[in-house]
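Accompanying notes for the structure given below.
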Amino acid sequence: MTTTGQHGAQRRTVTAAQRQAVGAYGERVAVRTLTEAGMGIVERNWRSRHGEVDIIARDGDCLVFCEVKTRRGGAYGQAVEAVTAAKAGRLRRLAGEWLAQHPDHGWVDAVRIDVVAVTRPPSGPAQVQHLRGIL
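Below you can see the structure in the form of structure tokens.
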């Protein structure tokens, strides 16, 4: 079965397992990108009843809440386009909730919301955009 994407490309219907695999791939690439940039991973896939934060990282004295968006090719637009104002607001609320539940992080001088957008082309290496401080 095929569908037509927002940008006019015909695509096969993707199963939940395939979406999950693409998302897991993107998170692995994002963790590697962040650690290569000198950031430490504090937590992955933190959940509350209000949602999930993909990656929580430390960048010096800054605590960074990262949303990871992954796409296979560009048929449905670029990965970064999937981060809406509503999603950014949800991430801000989740960051506040995480901080309230983890008062032992006295080293935190600042909090930042980042997006790591990963595009996995049909061949070749992933393309990664790390957008710092989206709010």
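Residues in the sequence shown are numbered from 79 upward in steps of one, following the working numbering.
Ideal Cβ positions, reconstructed from N, Cα and C, are used throughout, including at glycine.
Task: Reference D187, options A195, L141 and R198, closest by Cα - done: L141
Task: Distance CB(K147)-CB(V196) smaller than 9 Å - done: yes
Task: Sub-9 Å separation of T111 and H208 beta-carbons - done: yes
Task: Per DSSP, the bridge partner or partners of R149 - done: T197
TODO: Give the straight-line distance between the Cα atoms of T93 and G184, rounded to the nearest whole angstrom.
DONE: 43 Å
- [ ] Label A178 either buried or exposed according to how many other C-beta atoms from any shown protein chain fall within 10 Å of its C-beta, with 16 as the threshold for buried.
- [x] exposed
Task: Cα-Cα separation, V131 to R149 - done: 18 Å
TODO: May I ask which residues mark the beginning and end of the beta strand (DSSP E) holding R170?
DONE: First-last for R170: A163 to Q179, but that is the alpha helix (DSSP H), not the beta strand (DSSP E).
Task: Residues near R190 in its chain [Cβ-Cβ closer than 6 Å; skip 5 each side] - done: C140, V142 and G211
Open item on the list: What does the Cβ neighbour count give for D192, buried or exposed, with the cut at 16 atoms within 10 Å?
Closed with: buried
Task: Buried versus exposed, by CB contacts within 10 Å (16 or more), G116 - done: exposed
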